[in-house]
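Number of protein chains: 2
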Amino acid sequence: MGELKEDLCLDCGLPAALESMGERWSFLILRAAFNGLHHFEEFQSTLGIARNILANRLGRLVDHGILAREPMPDDRRKIEYRLTEKGAALLPAMLALRQWGEVWETGMPSTPVLVDTRDEQPIRKVSILSHDGRELQLGDMCWKHTHEIKPLEMPRLQAVA
Amino acid sequence: MGELKEDLCLDCGLPAALESMGERWSFLILRAAFNGLHHFEEFQSTLGIARNILANRLGRLVDHGILAREPMPDDRRKIEYRLTEKGAALLPAMLALRQWGEVWETGMPSTPVLVDTRDEQPIRKVSILSHDGRELQLGDMCWKHTHEIKPLEMPRLQAVA
DNA sequence: TGAGTAGGTAGTGATTCGCAACTTAAAAAA
DNA sequence: TTTTTTAAGTTGCGAATCACTACCTACTCA
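Right, dumping it as structure tokens:
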């Protein structure tokens, strides 16, 4: 991929994120991992991905610290790929994309669905919230440079001391 | 791209979403659109993308209804690409991915940042919330099939009638 | 009418992709 | 112990996609 102009490359997490997740299969492999798959052959037969591409993508995800690669102690041929903390942190992005696909492409809810273990109720739609918890649409927001942002005035209760 | 096995292909919005957004440049073009860019040359000079690839991606995003293509009335050479409702709905996914990149790749906040127009405070981190608003981590959730989910018992106030 | 500009196409070589066949090392079976 | 099976890759090859440069075509403006 060509290089971005500096001001769009250095200061935004998106190109950085795409460095590891910008390839088509990466998301699907990761989704399978979130669904509890751990082994090469599981990914391969479930996704129908070519073996060399799968090997390449798993390697890349491991290189980026998104998956951890570990031979199983009881059968050292078996390699377990499991999500790292960094990989697990991609869940909101994955879900947001999946939910978008449900609403705007397939028109139906996906299965299976993530539920809160506590009460088995489905999670909310991923959305954008203001600092005080209101849901925001694109029209409710604008772009500011970091230095333009004023710290929030807190109710000064324990302040002065 | 090869075809997925049916049970992973038909019932999930993610592969559907990747059909339009699975290519590397798509996210970056869309980010530029969210940042207020509207014209071919703006995208080209800002992103440094090859012209034919840009033309191809813009066309594809238009085909998928994510961008709308409209010649400007005052100068009909000029074409305006603007986000459709469907395109704007990708913002949570884009932000989630960008925030992930900030935390796990660049290690610094991106600029510019989205703020609530009302109070100019930055938005919250995109996260996963339970139906009643608690923030959930991966360990707090599990997968269920749709038919296994029981409707939530509501406090029966106006129920019986 | 001629110059400039916005938005694209065309040609070309490098890279990536998907498929099938092969490899390697460990485990299980005989 | 030898043979077979299995998990996880690697290799080779043709097809598709990519990026780079140059060219093209409307339309506008002087």
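Residue numbers (my numbering), protein chains in the order written: chain A, 7 to 167; chain B, 7 to 167. A virtual CB, placed ideally from N, CA and C, is assigned to each residue, including glycine. It should be emphasised that the depicted structure is a prediction, and the values quoted were computed from it without experimental measurement.
### Task
Taking only the alpha-carbon atoms, compute the straight-line gap between A/Thr123 and A/Leu60 and give it to the nearest angstrom.
For this step, residue 123 of chain A is matched to residue 117 along the first sequence. For this step, residue 60 of chain A is matched to residue 54 along the first sequence. Whole-angstrom Cα-Cα distance: 31 Å.
### Task
Show which residues of chain B have a CB atom less than 7 Å away from the CB atom of A/Phe33.
Here residue 33 of chain A refers to the residue found at position 27 when the first sequence is read from its first residue. Simply Leu20 and Leu24.
### Task
Drop a sphere of 10 angstroms on the beta-carbon of B/Glu29, count the other beta-carbons inside from all chains shown, and report buried for 16 or more, exposed for fewer.
The residue given as residue 29 of chain B occupies position 23 in the second sequence. Classification of B/Glu29: buried, given that the 10 Å Cβ count is 16 or more.
### Message
Do A/Leu144 and B/Ile129 have their beta-carbon atoms positioned less than 8 Å apart in this structure?
### Response
Here residue 129 of chain B is taken as the residue at index 123 of the second sequence, counted from 1. Here residue 144 of chain A is taken as the residue at index 138 of the first sequence, counted from 1. Contact: no.
### Query
Taking 8 Å as the CB-CB cut-off, is B/Glu108 touching chain A?
As a working mapping, residue 108 of chain B is identified with position 102 in the second sequence. At least one chain A Cβ lies under 8 Å of B/Glu108.
### Proximity test, Cβ basis, 8 Å: B/Arg66 and chain A
Indexing the second sequence from 1 puts residue 66 of chain B at position 60. No, its Cβ sits nowhere closer than 8 Å to a Cβ of chain A.
### Query
First and last residue of the alpha helix (DSSP H) that includes B/Leu34?
The residue you call residue 34 of chain B lines up with position 28 of the second sequence. Run containing B/Leu34: Arg30 to Phe40, per the alpha helix (DSSP H) assignment.
### Query
Out of B/Gln105, B/Met147 and B/Gly113, which has the shortest C-alpha to C-alpha gap to B/Val192?
Chain B is shown only over 7 to 167; residue 192 of chain B falls outside these bounds and no answer can be derived.
### Query
Which of helix, strand or coil does DSSP assign to B/Ile59?
Position 53 of the second sequence, counted from the start, is the residue given in the question as residue 59 of chain B. Here B/Ile59 sits in helix by DSSP.
### Task
Give the C-beta separation of B/Thr117 and A/His151 to the nearest angstrom, bearing in mind that I take them to be a contact with Cβ-Cβ under 8 Å.
To locate residue 117 of chain B, count along the second sequence from 1; it is residue 111. To locate residue 151 of chain A, count along the first sequence from 1; it is residue 145. Correct: roughly 6 Å between the Cβ atoms.
### Query
Using a beta-carbon distance below 8 Å, is A/His151 in contact with chain B?
Within the first sequence, the letter at position 145 stands for residue 151 of chain A. At least one chain B Cβ lies under 8 Å of A/His151.
### Query
Between A/Phe33 and B/Leu24, which are expected to be in contact by the criterion C-beta below 8 Å, what is the C-beta distance as a whole number of angstroms?
Mapped onto the first sequence, residue 33 of chain A falls at position 27. Mapped onto the second sequence, residue 24 of chain B falls at position 18. A/Phe33 to B/Leu24, Cβ: 6 Å. Contact.
### Query
Under the rule that 16 or more other beta-carbon atoms within 10 Å means buried, what is A/Leu158, buried or exposed?
Within the first sequence, the letter at position 152 stands for residue 158 of chain A. Counting Cβ neighbours within 10 Å, A/Leu158 comes out exposed, since fewer than 16 surround it.
### Message
When you measure from the CB of A/Leu120 to every non-hydrogen atom of the ligand PLP, does any distance come out below 7 Å?
### Response
Absent from the structure shown: the ligand PLP. Ligands present: none.
### Own chain residues within Cβ distance below 8 Å of A/Ala38, not counting five before or after
What you label residue 38 of chain A is simply residue 32 of the first sequence in a count that begins at 1. Answer for A/Ala38: Glu48, Phe49, Thr52 and Leu53, listed in chain order.
### Task
Check B/Glu111 in the structure and name its three-state DSSP category.
Position 105 of the second sequence, counting from 1, holds the residue named residue 111 of chain B. It is helical.
### Message
Using 8 Å as the threshold, is the C-beta distance between B/Gly107 and A/Ala74 below it?
### Response
Here residue 107 of chain B corresponds to residue number 101 of the second sequence, with the count starting at 1. Here residue 74 of chain A corresponds to residue number 68 of the first sequence, with the count starting at 1. No; because the gap between Cβ atoms is not below 8 Å, this pair is not in contact.
### Message
For B/Pro115 and A/Trp149, what's the separation of their Cα atoms in angstroms?
### Response
Within the second sequence, numbered from 1, the residue matching residue 115 of chain B stands at position 109. Within the first sequence, numbered from 1, the residue matching residue 149 of chain A stands at position 143. Cα-Cα distance, rounded: 13 Å.
### C-alpha gap between B/Gly65 and A/Met100, whole angstroms
Against the second sequence, residue 65 of chain B aligns to sequence position 59. Against the first sequence, residue 100 of chain A aligns to sequence position 94. Between B/Gly65 and A/Met100, the C-alpha separation is close to 25 Å.
### Message
If the criterion is Cβ atoms closer than 8 Å, does the pair A/Leu36 and A/Gly93 meet it?
### Response
Working through the first sequence from its first residue, we reach residue 36 of chain A at position 30. Working through the first sequence from its first residue, we reach residue 93 of chain A at position 87. Yes, they are a contact pair.
#### Entry: Residues sharing a beta bridge with A/Val68, DSSP
Here residue 68 of chain A is taken as the residue at index 62 of the first sequence, counted from 1. A/Val68 pairs with nothing; no bridge assigned.
#### Entry: Of the residues A/Glu91, A/Trp110 and A/Glu86, the one placed nearest B/Trp110, counting alpha carbons only
Locating residue 110 of chain B in the second sequence gives position 104, where the first residue counts as 1. Per the Cα distances, A/Glu91.
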